[in-house]
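Undergrad: Once you've had a glance at the structure underneath, I'll fire off some questions.
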Amino acid sequence: MEGISAGISQILILAIVVVLGFILSKLSYLDEHTSNKLVGILVNVTLPCMIIASTSSVDFQQISAQIPIVCGLGVLLFVAMALISIAACLCLRVSAHTFSCFIFSGICTQTAFIGVPVIAAVLGENTIILTSLIVAVINVFLFSFGVAMLAVDQQLREFREAKTTQNESESFSFVNALSRVKLTWRNFVNPALVAALAALALLFFQIPMPYVLGSAFDMVGSLTAPISMLVIGFYVSRMKIKEACSQWRVFVFGFIRFFLGSLALFYLLSFFISDELVVAIAVLEFAMPTGAMVPAFVASHKGDALLASEHTVISAVLSFVYLPLIITIMTLLPLA
């Protein structure tokens, strides 16, 4: 019971900071320009510092056996995200022109932006490196298969429109559509990944972090959770309640993908993996809401950016309801 209380308390603390971000936005202390700058600081500075600072609380010998498992789980999580998102879309009879937006909203989630600080707050700072490795693996698939899906969908929509207006008889080619997808090594490298690899190197070679430097990294890294929650509060403040409530499929999709999917994953992993900490990390990462960058990705491929933004905000709000429920169920109703 103490574990449940501590976990839910951390979620409630984060929710209070979200409310503060909402208030600051309404008072004009937070605007789109400021929030974008905060996101840049979080992704490029505070999150990497948080990852590196976590080496002071981790023993490499203790996590060495867990590293291959979490890397494998990263692959499994991405596949599960995609399959459950597709199943949810089929159940909800999502229209063809918004299908890819729903799928991308289910696979491009806040695994780093919210996941790392939230899981660290709930399960402890010793989870940061393991969580970061899962994020790194997921991102490899996200920026390859995920982006390719959006590109192919864009080409398919443009082909249908051209065929309708010009009565063309040419068939659509997936190969040609995929050939237009442009990916470089820069798509896969980011500060969080570099920090995770640096942290692993420090642990593997047992390089001690100087106290002053370690304290500085820890101080900056501690800003990650509050900054991320303030930004979420800003996103919520921009949500138009009436329009959001009319998107019932987004709510039901979120319930299936993030809540029911997470519970199914918990019992499935518990059957095969005895390490409760690793299972908890994987399930909570799977439960993270739709990513803040989804609207930008969808818009860049001429998709429904407004629908994507509704996925982002609605799933973020719902996460403060279903995350405590998931933590409670994992604690009170384990597989064995």
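Positions 1 to 336 (this note's numbering) are the ones given, in order, by the sequence shown.
From the three backbone atoms N, C-alpha and C, an ideal C-beta is built for every residue, glycine too.
Quantities reported herein were computed from a predicted structural model and do not represent experimental measurements.
Is T290 helix, strand or coil when you go by DSSP?
TA: Note: T290 maps to strand in three-state DSSP.
Undergrad: Roughly how many angstroms separate the alpha carbons of F22 and T46, rounded to a whole number?
TA: Roughly 21 Å between the two C-alpha positions.
Undergrad: With a CB to CB cut of under 8 Å and the five nearest residues on each side skipped, what residues in its chain are close to I86?
TA: The residues are I103.
Undergrad: Identify which residue in S270, T131, A280 has its Cα closest to the Cα of I357.
TA: Outside the displayed range of the chain (1 to 336) lies residue 357, so it cannot be described from this structure.
Undergrad: Could you check whether the stretch 261 to 271 touches the stretch 53 to 72, counting it as contact only if at least three pairs of C-beta atoms, one from each stretch, sit closer than 8 Å?
TA: Flag = no, the stretch 261 to 271 and the stretch 53 to 72 do not touch.
Undergrad: Would you mind reading off the limits of the alpha helix (DSSP H) that contains R249?
TA: Here the alpha helix (DSSP H) through R249 covers 248 to 254.
Undergrad: Using the three-state DSSP reduction, which class does T312 fall into: helix, strand or coil?
TA: In this structure, T312 counts as helix in the three-state DSSP scheme.
Undergrad: V18 and I314 - do their beta-carbons sit closer together than 7 Å?
TA: In this structure, V18 does not lie closer than 7 Å to I314 by Cβ.
Undergrad: CB-CB under 6 Å to L38, same chain, minus the five flanking residues each way: which ones, in chain order?
TA: Cβ neighbours of L38 beyond the five flanking positions: I227, V231.
Undergrad: Tell me whether the beta-carbon of A82 lies closer than 7 Å to the beta-carbon of I63.
TA: In this structure, I63 does not lie closer than 7 Å to A82 by Cβ.
Undergrad: Give a single yes or no on whether P117 has its beta carbon closer than 6 Å to a heavy atom of the ligand ATP.
TA: In the structure shown, the ligand ATP is absent, as is every other ligand, since no ligand is present at all.
Undergrad: Using the Cβ count rule (16 or more neighbours within 10 Å means buried), how would you classify G40?
TA: G40 should be labelled exposed.
Undergrad: For R257, which residues from the same chain have a beta carbon less than 7 Å from its beta carbon, with the 5 sequence-adjacent residues on both sides left out?
TA: For R257, where only same-chain residues beyond five positions count, the Cβ hits under 7 Å are I84, S85, A88, G106.
Undergrad: Return the CA-CA distance between M1 and M330, expressed in angstroms with no decimal places.
TA: Per-residue confidence for M1 stands at a pLDDT of 47, beneath the threshold of 50, marking its modelled position as unreliable; no derived number is given.
Undergrad: Rounded to whole angstroms, what is the Cα-Cα separation between E310 and L213?
TA: Near 41 Å, if we compare the C-alpha coordinates of L213 and E310.
Undergrad: Of the choices T98, F234, A80, F259, whose alpha-carbon is the least far from that of S28?
TA: Of the candidates T98, F234, A80, F259, the one whose C-alpha sits nearest the C-alpha of S28 is F234.
Undergrad: Do L307 and T98 have their beta-carbon atoms positioned less than 7 Å apart in this structure?
TA: Contact flag set, yes.
Undergrad: Could you compute how far the alpha carbon of Y322 sits from the alpha carbon of A120?
TA: Using only the alpha carbons, I get a separation of about 18 Å.
Undergrad: For the alpha helix (DSSP H) that C101 lies in, which residues bound it at each end?
TA: Element bounds for C101: 96 to 107.
Undergrad: Look at the alpha carbon of I134 and the alpha carbon of F255, and state the distance between them as a whole number of angstroms.
TA: Each residue's alpha carbon lies about 23 Å from the other.
Undergrad: Three-state secondary structure (DSSP) at A299?
TA: Looking at A299 - three-state DSSP - the assignment turns out to be helix.
Undergrad: So, is D153 buried or exposed, given that buried needs 16 or more other C-beta atoms within 10 angstroms?
TA: Label assigned to D153: buried.
Undergrad: Of the choices A151, E125, E243, whose alpha-carbon is the least far from that of G303?
TA: Checked all of A151, E125, E243; the closest Cα to G303 is A151.
Undergrad: Among the candidates F251, I281, A216, A96, whose CA atom is the shortest distance from the CA of E158?
TA: Answer by Cα proximity: A96.
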